[in-house]
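In the numbering used here, the protein residues as written are -17 to 117. All C-beta atoms in this analysis are idealised placements derived from N, C-alpha and C, irrespective of residue type, glycine included. Contents: one structure, followed by commentary.
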Amino acid sequence: MKRALLVLVLVLSGCGVQPSDPIGGSQATGALIYLIRTYDNTLVPILRPTKHQTPAGAALTMLAQFQAEQTSGYRNEVPTEAELMTVNGSTVSVPIDVTSLSTLATQQIVCTAAVPEPVTLVGGGQSRGPLTCPV
């Protein structure tokens, strides 16, 4: 009887933790870049830690520096000559003919640009888009 009473008291009293609202925190810092997972050719987001929040488009400069991810089974399909990109609103300027980019390279750029609206790629006198990130 005493054991049942003790169990009842413990159940009714709970563990003393009072309900509370979620505690707010700061937004995680980093740049989200998109690389291709080698074993299945899938475009995946990778969070690259940075000291400060990265503005939209700034992560494009990080596509060239993916050695750590490469040893973990990821690759970059964006050609090295295309890595000097600039972003102006929803337009990404690429220093090569954008029609020469593979589908995966195009998706990498569009997703990594991280702008909220569809992206248009321009370069080499050509344009592609507006395009949206498929991931």
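Are there 16 or more other CB atoms within 10 angstroms of the CB of residue i, so buried, or fewer, so exposed?
i    : result
N70  : exposed
Y21  : exposed
G107 : exposed
V117 : exposed
L17  : buried
T94  : buried
L25  : buried
N58  : buried
Given a cut-off of 8 Å on the beta-carbon distance, is the pair residue i and residue j in contact?
i   : j    : result
A64 : A41  : no
Q90 : L29  : no
G55 : R110 : no
S75 : V104 : yes
Residue i by DSSP, collapsed to three states: which one?
i      : result
L25    : strand
L45    : coil
L(-12) : With a pLDDT of only 49 at L(-12), under the threshold of 50, the placement of this residue in the model should not be trusted; the figure read from the coordinates follows. Helix.
Can you name the residues that DSSP bridges to residue i?
i   : result
A13 : R30
Practice problem: Ignoring anything shorter than 3 residues or poking outside the region 60 to 113, list the beta strand (DSSP E) runs there in chain order. | Solution: Runs found: 68 to 70, 73 to 75, 101 to 105 and 108 to 113.
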